[in-house]
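Engineer:
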Amino acid sequence: MIFKKDNLKIGIVYGLIAPLLAMFIYYFIVFADKITISEYFFYLRTNISLVANAILFTVFINTYRDKSAKGVFVITLVYGIAVLLIKLFA
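So for the sequence shown, numbering that gives the first Met the number 0 puts the first residue at 0; every next one is plus one.
1. Taking the beta carbon of G14 as the centre, do at least 16 other beta carbons fall within 10 Å, making it buried, or is it exposed?
2. Rounded to a whole number of angstroms, what is the C-alpha to C-alpha distance between V73 and N61?
3. How many angstroms separate the CA atom of A68 from the CA atom of T75?
4. Between I85, R64, A81, which lies nearest to K4 when the distance is taken from Cα to Cα?
5. Classify K33 as helix, strand or coil using the three-state DSSP reduction.
6. What distance in whole Å lies between the Cβ atoms of L7 and G70, which are believed to be in contact at a cut-off of 8 Å?
7. For the candidate residues T57, K66, S48, F56, whose alpha-carbon lies nearest to that of A81?
8. What's the gap between the Cα of A17 and the Cα of I11?
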């Protein structure tokens, strides 16, 4: 099964998808009846939540899938640097 593999590429893909999926789930749970999705994205343009990546990273480390954890960590750094640059120059 793909979830049981220890692979850097799988970690990168999960690291890319998890924050986006978490943002959509959070929108539908908290904001769906209050604001539109475009207003929500304007609100979050520099506040990408990386909590989902932290959870994935912890799961991969605890199950000894170090290559996948490394992929999630790399993407978390990329997201973090992008947010930092947006906050500095926007």
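Note that the Cβ used here is the ideal one computed from N, Cα and C, for glycine as well.
Bear in mind the structure is a predicted one, so any value in this text is a computation, not a measurement.
Structural biologist: According to the structure data:
1. Numbered from its first residue, the sequence shown carries residue 14 at position 15. Per the 10 Å Cβ criterion, buried.
2. Indexing the sequence shown from 1 puts residue 73 at position 74. Indexing the sequence shown from 1 puts residue 61 at position 62. Distance between the alpha carbons of V73 and N61: 18 Å.
3. Taking the sequence shown and counting its residues from 1, one reaches residue 68 at position 69. Taking the sequence shown and counting its residues from 1, one reaches residue 75 at position 76. Approximately 10 Å between the Cα atoms of the pair.
4. As a first step, residue 4 is located in the sequence shown; it is residue number 5 there, counting from the start. The shortest C-alpha separation from K4 is found at R64.
5. As a working mapping, residue 33 is identified with position 34 in the sequence shown. Residue state, collapsed to three classes: coil.
6. Walking along the sequence shown from the start, residue 70 turns up at place 71. Walking along the sequence shown from the start, residue 7 turns up at place 8. The Cβ separation is near 5 Å, so the contact holds.
7. By one-based count along the sequence shown, residue 81 stands at place 82. For the residues T57, K66, S48, F56, the minimum Cα distance to A81 belongs to S48.
8. Residue 17 sits at position 18 when you count from the first residue of the sequence shown. Residue 11 sits at position 12 when you count from the first residue of the sequence shown. Cα to Cα, A17 sits roughly 10 Å from I11.
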